[in-house]
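**Q**
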Amino acid sequence: MAAALSSLLLHAVALASAAPDEAAAQPRDATAPVDAPAPDALAVPGSVEPGATVDDPMIAGRRRPGYVTELPAPIVQNNVGAVHAPPPEAFPTDQFPIPDRWRLVTALCPDKNFVGLQTVCKSRFDPYHQNPLKADRPIQLDKKPFFLPITGDDWFFGINAISDTVVEPRSFPTPVADQTSSYPGAIDTFGRDRSLVLAQTGLLGFGLTKGSTAYKPPDVEYRVLLAYQVNYVNVQERRVLNVESSRPTHRTDTFLGVQEFFVDKHLGNRSDRFDFDSIRIGIQPFQFDFRGFLFQDNQLGIRFFGNRDNNRYQFNLQAIWRLDKDTNSGLNDITKKPRDDYILSANIFAQDFPLPGLTSLASFTANFNRETERELDHNGFPVRPALLGDQRPREYDVYYVGYSLDGRLKRFNLSSTLYGAFGEDRNSFFTSKPAKIRAFFAAAELSYDIDWIRVKLSGLYATGDGKPKDNKETGFSAIFENPIFAGADTSYWIRQTVPFAGGGVNVALSPRNGLLNDLRTSKEQGQSNFNNPGTMLLGVGADFDILPQLRFSTNLNHLWFENTATLRELRNEGSIPKSIGWDLSGALIWRPSMIQNIVFRLSGAVLDPGKGFSDLFTNSRGDDRYYSVLFNAILSF
């Protein structure tokens, strides 16, 4: 022990004698930690390193204005098929290039059980995150299906699936003849009015797209959407669901329809901001105005479209050859020859015109109908021509000129539409002679937002025919309306078909999911009719966003016939008042996850008839009010 201590002391003396000057010049601070570095080891900001001058490139790590350091060597990627990274000089010094975003996402998910990446690595059945089934990542050519003849690394495949469930108890005036009623004592014109509709629709769509669609239009797109529906209807009177009175008062039906089947080809860009021209051919969605007043449907056609001036202007040139519809589901029936009903349409959108915040839409539409043969629907009822007047086949040419506005004026939201209809009906069913078509339509909705409440005021005016037996038809009729207006299909008058009993067989005052009183058999299979009483509407409503997941909407509308001369002529009555009545509706819309993939809606509506409606549908049973209840569940992937 003593020998060890002596050795340590001799070693310490040797160290002290080796550097006496440094030890004396740099006494250790008693408060400094034992392992703290010596003061000369610390860099002093702003100090000049030994031997350095102000002209040297670096002064203690500080950057000088005007001096650029040497760039690092370029990054070389060894990633087959990846997009080449830009050179380093294209990036600030605090950024660096990476492979394209598709491979980056794949690289972050080497294993589905990789801990810490649960927010990125999701199942293919999760529609809310990066998913190759939702066209979020390109198809890998080494794993592509054998039936896809594609080349290149920018093809995307997407699947969407929708389940649409409808439960709908309702009541409406039900015409009945004495010999067809199954209830004793049913001697009046109208029978029991209650019915129930159940419908389950499944939609499955496939899309194949080429191009980086996040920043520019796709180079080419192929799209297919199939819809299969099972529906059940139960009514209380015979000869409502089928022309044969021996058939029961309930029916179950199924149908498979093709709602989309098209190819979309990008014809080229017209500016460095990706203004473009494209053409789309096949069964596809068409909408001619903001609210679906004139035409809104999936039909067979050709559409040439594009935009200009940094997307300030958009245009569409469209030609449609109308497909027939299945009677009970309303889906496209491609097993039948398309109708002899043709539509040509051109429109142009101008944003921020005439005022900032407003978008203008000017349109011209021509409808040429050549359906001169009698046609029955799947239930045996006549649909073309409508059994009104002389009941002879009709054909017509009608031209619609329209102008619409949609947008904001300071704190007000405005949506408005004007249409004029001009043309010729070659066989007016009142005179059996040609008649000129001169009809007009106007609708507007003004709304105002107050925090979580939106208050709305709606108005609509569609002219009616005041002289049915002259050579002019002035009642406005659409081609295929589907209005998002005044409560939409929550409203009783828009949602339900109201039959025109006593004036024509299988003729409705207004169609299902329609607003105009145009006396046609149906908008799906019938012809437009410009000998009609017209429609007027004034309404107020409000939307209440109670929660981010929950909205309550309500509307109160009052409806009138614009002119009842056509009704008086068909019913052989001296006078019919104009008032249709009050339509009160309300709907709760619940989105549990605050997204559109799961939406539940429960709505109810009541029609309190006015004098005109009561005159047309006098019922000894005393059913003076009609109701509509709708439960709708939509699940989307």
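Counting with mature numbering (1 follows the signal peptide of the UniProt record, and there is no 0), you get residues -18 to -1, 1 to 619 for the letters of the sequence shown.
Note that the Cβ used here is the ideal one computed from N, Cα and C, for glycine as well.
Near Glu377, what residues of its chain come up, given a Cβ to Cβ distance below 6 Å and the 5 sequence neighbours on each side ignored?
**A** Taken in chain order, the residues that qualify are Asn351, Arg352, Thr354, Arg408.
**Q** What number of angstroms, rounded off, separates the C-alpha of Asn289 from the C-alpha of Pro574?
**A** In a straight line, the C-alpha of Asn289 is about 37 Å away from that of Pro574.
**Q** So who's on the other strand from Gln269, going by DSSP bridges?
**A** Gln278
**Q** Does the beta-carbon distance from Arg393 to Asp431 come in below 8 Å?
**A** yes
**Q** Give me, in chain order, the residues of the same chain whose beta-carbon lies closer than 6 Å to that of Phe595; leave out the 5 immediate sequence neighbours on both sides.
**A** So the qualifying residues of the chain are Ile562, Gly563.
**Q** At 3 residues or longer, what runs of the beta strand (DSSP E) sit wholly inside the region 379 to 408?
**A** 394 to 407
**Q** What separation, rounded to the nearest whole angstrom, lies between the Cα atoms of Thr341 and Gln269?
**A** 16 Å
**Q** Go ahead and pull the three-state DSSP assignment for Asp606.
**A** coil
**Q** Quick one, are the C-beta atoms of Asn545 and Pro515 less than 8 Å apart?
**A** yes
**Q** So Lys438 is in the beta strand (DSSP E); what residue range does that whole segment cover?
**A** 435 to 444
**Q** With respect to the beta strand (DSSP E) encompassing Ile325, which residues constitute its N-terminal and C-terminal limits?
**A** 323 to 333
**Q** Tell me whether residue 623 is buried or exposed, calling it buried when 16 or more other Cβ atoms sit within 10 Å of its Cβ.
**A** Because the chain here runs from -18 to 619, residue 623 falls outside it and cannot be looked at.
**Q** What's the call for Phe423, buried or exposed, on a 16-neighbour Cβ count within 10 Å?
**A** buried
**Q** Between which two residues does the alpha helix (DSSP H) holding Ser194 run?
**A** Counting along the chain, no alpha helix (DSSP H) covers Ser194, and no H or E run does either.
**Q** Is Lys125 helix, strand or coil when you go by DSSP?
**A** Note: Lys125 maps to helix in three-state DSSP.
**Q** Just mark Val383 as buried or exposed, buried being the case when its beta carbon has 16 or more other beta carbons within 10 Å.
**A** Val383 comes out exposed.
**Q** Would you mind reading off the limits of the alpha helix (DSSP H) that contains Gln597?
**A** The amino acid at residue 597 is misidentified as Gln; the sequence shows Asp. Element bounds for Asp597: 593 to 598.
**Q** Per the contact definition of three or more C-beta pairs closer than 8 Å, is the region 305 to 320 in contact with the region 533 to 544?
**A** no
**Q** Expressed to the nearest angstrom, what Euclidean distance is found between the alpha-carbon atoms of Ile144 and Gln578?
**A** If I take the Cα positions, the gap works out to 11 Å.
**Q** Are the beta-carbon atoms of Arg220 and Thr231 separated by less than 8 Å?
**A** Taking 8 Å as the Cβ cut-off, Arg220 and Thr231 qualify as a contacting pair.
**Q** The beta strand (DSSP E) spanning Ala424 covers which residue range?
**A** Run containing Ala424: 417 to 432, per the beta strand (DSSP E) assignment.
**Q** Quick one: give me the first and last residue of the alpha helix (DSSP H) that Leu552 is part of.
**A** 547 to 553
**Q** In three-state DSSP terms, what is Ile476?
**A** helix
**Q** When the Cβ atoms of the region 199 to 216 are set against those of the region 243 to 261, are three or more pairs found closer than 8 Å?
**A** Counting Cβ pairs under 8 Å, three or more are found: they touch.
**Q** Beta carbon of Lys505, beta carbon of Phe462: below 8 Å?
**A** yes
**Q** Report the partner residues of Ala344 according to the DSSP bridge assignment.
**A** Ile330, Tyr385
**Q** Any idea which residues DSSP pairs residue 692 with across the strands?
**A** This structure does not reach residue 692, given that the chain is present from -18 up to 619, and the question cannot be answered.
**Q** For Asp146, which three-state DSSP category applies?
**A** The three-state secondary structure of Asp146, taken from DSSP, is strand.
**Q** How many angstroms separate the CA atom of Asp527 from the CA atom of Phe411?
**A** Cα to Cα, Asp527 sits roughly 49 Å from Phe411.
**Q** I'd like to check one pair, Ser153 with Tyr443: are the Cβ atoms closer than 8 Å?
**A** no
**Q** Quick one: what's Met518 bridged to in DSSP?
**A** Tyr443, Trp542
**Q** Who are the Cβ neighbours of Leu(-4) in its own chain at under 6 Å, not counting the five residues just before and after it?
**A** Model confidence at Leu(-4) stands at a pLDDT of 40, short of 50, so the residue's coordinates are unreliable and nothing is read from them.
**Q** With distance defined between alpha-carbon atoms, name the residue in Phe482, Gly193, Asp175, Gly239 nearest to Tyr210.
**A** Gly239
**Q** Expressed to the nearest angstrom, what Euclidean distance is found between the alpha-carbon atoms of Thr456 and Ser414?
**A** 16 Å
**Q** Under a three-way DSSP split, which group does Asp175 fall into?
**A** coil
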